[in-house]
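For the sequence shown, my numbering gives the first residue as 38, with consecutive numbering after it. Glycine is no exception: its CB is placed at the ideal position from the N, C-alpha and C atoms. Below: one structure, written as structure tokens.
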Amino acid sequence: MSRNAVISIIIHGFFQFGASMSGLFLNLYLWRLTQDLAINGLYNILLFATTPFVFAFGGWIAKRRDKMLTYRIGIALNAMFYLLVVIAQEQVAHYYIAFALLNGIASGFYWTGYLVMQYDVSTEANRLRYLGVNMIVFNTAGLAGPALAGFIIQRSQGLQGYMFIFMLAFVMFLVAALISFRIPIMKSHHKAYYLKFALLIMRKHPRWLKALISFFLMGLFQGVMLFLPNILLFQTVGREDWVGYLGVFFSALTVATGYAITKRSKENVSKYLLYSVTGVLLGAAMLLIDMKLWSVVIFMILFSICNPLTVNTLNSFYFRMMSLLPLKGQLRVESVVIRELFLNTGRIISIAAMIIMAKDTESAWLAIVLFGAALLQYLLLPFVREKQV
38 MSRNAVISII IHGFFQFGAS MSGLFLNLYL WRLTQDLAIN GLYNILLFAT
88 TPFVFAFGGW IAKRRDKMLT YRIGIALNAM FYLLVVIAQE QVAHYYIAFA
138 LLNGIASGFY WTGYLVMQYD VSTEANRLRY LGVNMIVFNT AGLAGPALAG
188 FIIQRSQGLQ GYMFIFMLAF VMFLVAALIS FRIPIMKSHH KAYYLKFALL
238 IMRKHPRWLK ALISFFLMGL FQGVMLFLPN ILLFQTVGRE DWVGYLGVFF
288 SALTVATGYA ITKRSKENVS KYLLYSVTGV LLGAAMLLID MKLWSVVIFM
338 ILFSICNPLT VNTLNSFYFR MMSLLPLKGQ LRVESVVIRE LFLNTGRIIS
388 IAAMIIMAKD TESAWLAIVL FGAALLQYLL LPFVREKQV
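If you want it as structure tokens, here you go:
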């Protein structure tokens with residue numbers, strides 16, 4: 038891998054160390070303050086609804102100015118977000134709409150810059166390996182974060198431990214921002230922004246539209262999985278430190294899967310995607326039996342092992358699809374923006390369904406919504422076969 042590829046992974050490692058502490062417990066912090074599943078759901082709906090618009094604006098900056106500028110703005114805004122959380126403390130619950138919007142803006146800028154950079158620092162020959170190594174570093178950085186955060190929170194008075202963790206996350210994001218200056222400016226000679234032609238390109242290139250629909254389907258499952266598991270774990274174990282320790286265990290399983298992906302990049306991806314989707318569905322079926330610690334842990338084990346293969350497979354194929362679009366790679370920024378729109382639309386729909394059908398964490402509809410979203414992942418299989426070349 039190139040020097041820039043290695044630096045990008047290091048930056049993302051620092052970012053993930055901060056995010057694994059703060060992100061893991063932010064939704065739990067909001068839950069502790071409100072005890073309201075609907076508020077948590079609305080927070081995430083607002084976050085995911087904001088992100089695609091920011092992706093579009095961040096993509097414009099990346100095209101007209103500099104990809105790294107978009108990336109650095111994202112890291113800086115994430116740092117500012119958690120600094121404001123520390124300042125607001127328990128008032129976060131009263132202003133959760135404003136914090137959701139700011140979180141969406143910060144996330145949109147960061148992931149626009151990062152996803153475009155992933156394409157630029159890797160090649161067709163090493164992209165799957167790059168994504169596998171990135172997943173290993175991403176989840177290894179997340180191993181210590183949840184355990185440290187849980188340990189500190191459990192031994193702090195009241196909710197003060199959360200404040201310390203959010204401040205530490207601010208420091209990690211600041212370090213990531215400084216390291217990002219090691220990657221030179223990535224200005225493009227092609228400054229035209231073709232986002233307005235997205236519908237036309239979808240009609241002329243139906244395989245790209247099918248690839249986008251696959252991310253919509255993945256978003257249906259991802260939406261509830263980005264915040265619900267930690268609440269369920271806390272409900273069953275009742276302690277933040279055990280939520281953190283279990284998070285370490287689940288991340289370790291994901292790291293092992295990432296390592297396996299780097300060794301089996303030439304295997305039949307459709308076959309492994311089938312195994313992945315089936316494993317997650319079996320885990321979700323355990324929740325239909327009972328929503329207790331044993332079923333939540335089994336579900337998370339299967340999810341941690343199987344889901345990375347689904348994500349890496351879709352990302353790898355989508356990067357390949359981007360290179361096959363018109364203008365010989367000049368649409369990579371627009372492709373990332375449109376992908377985020379489809380992905381977040383799926384996330385919003387699944388969270389809205391959960392809020393409407395499940396009034397609290399004791400509702401049987403939680404397991405039904407999760408199982409239904411997992412079952413829909415089987416629809417990914419024909420899209421992946423269609424994309425293979």
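Asked	Found
Status (buried if at least 16 other CB within 10 Å, exposed otherwise) for Asp-397	exposed
Cβ distance (whole Å) where Ala-135 is taken to contact Gly-111 below 8 Å	18 Å between Cβ atoms; not a contact.
Residue of His-131, Met-172, Leu-362 and Met-323 minimising C-alpha distance to Lys-241	Leu-362
The stretch 264 to 280 contacting the stretch 188 to 204, beta-carbon criterion three pairs below 8 Å	yes
Residues of its chain near Leu-249, where Cβ-Cβ distance is below 7 Å and the 5 sequence neighbours each way are ignored	Ile-375, Arg-376 and Phe-379
Nonlocal neighbours in the same chain, by C-beta distance under 6 Å from Tyr-119, ignoring five residues either side	Ser-59, Phe-203, Ala-206 and Phe-207
Met-154 and Lys-104 closer than 8 Å at C-beta	yes
Local conformation of Val-426 per DSSP, three classes	Model confidence at Val-426 stands at a pLDDT of 44, short of 50, so the residue's coordinates are unreliable; what they give is reported in the following sentence. Coil, per DSSP.
Simplified DSSP state of Met-431, which is helix, strand or coil	Examination of residue 431 is not possible in this model, given that the chain is present from 38 through 426 alone.
Touch test, the stretch 381 to 390 against the stretch 164 to 178, Cβ-Cβ under 8 Å, three pairs minimum	no
8 Å Cβ cutoff met for Gly-55 and Phe-175	no
Range covered by the alpha helix (DSSP H) that runs through Arg-69	40 to 71
Spatial distance of Gly-198 from Gly-182 (CA atoms)	14 Å
DSSP state of Gly-150 mapped onto helix, strand, coil	helix
Alpha carbon of Gly-95 to alpha carbon of Ile-46, nearest angstrom	21 Å
For Arg-40 and Ile-392, the rounded distance between their alpha carbons	45 Å
Cβ pair Gly-316, Leu-339 closer than 8 Å	yes
Gln-126, DSSP secondary structure in three states	helix
Cβ neighbour criterion (16 or more within 10 Å) applied to Leu-215	exposed
Straight-line Cα distance separating Tyr-309 from Phe-287	20 Å
Residue span of the alpha helix (DSSP H) that contains Ile-222, given as start and end	Segment: none, Ile-222 is in no alpha helix (DSSP H) and carries neither H nor E.
Alpha helix (DSSP H) segments (min. 4 residues) lying fully within the stretch 200 to 254	235 to 241
Gly-96 - containing alpha helix (DSSP H), residue span	74 to 101
For Ala-184 and Ile-124, the rounded distance between their alpha carbons	24 Å
Spatial distance of Leu-325 from Ala-401 (CA atoms)	8 Å
Alpha carbon of Leu-330 to alpha carbon of Trp-148, nearest angstrom	33 Å
C-alpha gap between Met-255 and Gln-414, whole angstroms	7 Å
Where the alpha helix (DSSP H) containing Asn-381 begins and where it ends	369 to 394
Min CB distance Ala-411 to chain C below 8 Å	No chain C is present in this structure, which holds just one protein chain.
Cβ-based burial, Ile-222 [other Cβ within 10 Å; buried from 16]	exposed
Where Asp-397 falls: helix, strand or coil (DSSP)	coil
Option nearest Ile-489 by Cα separation, candidates Arg-219, Ala-93, Leu-65 and Phe-62	This structure leaves residue 489 out entirely; the chain is present only between 38 and 426.
Proximity below 8 Å, CB of Arg-69 to CB of Leu-196	yes
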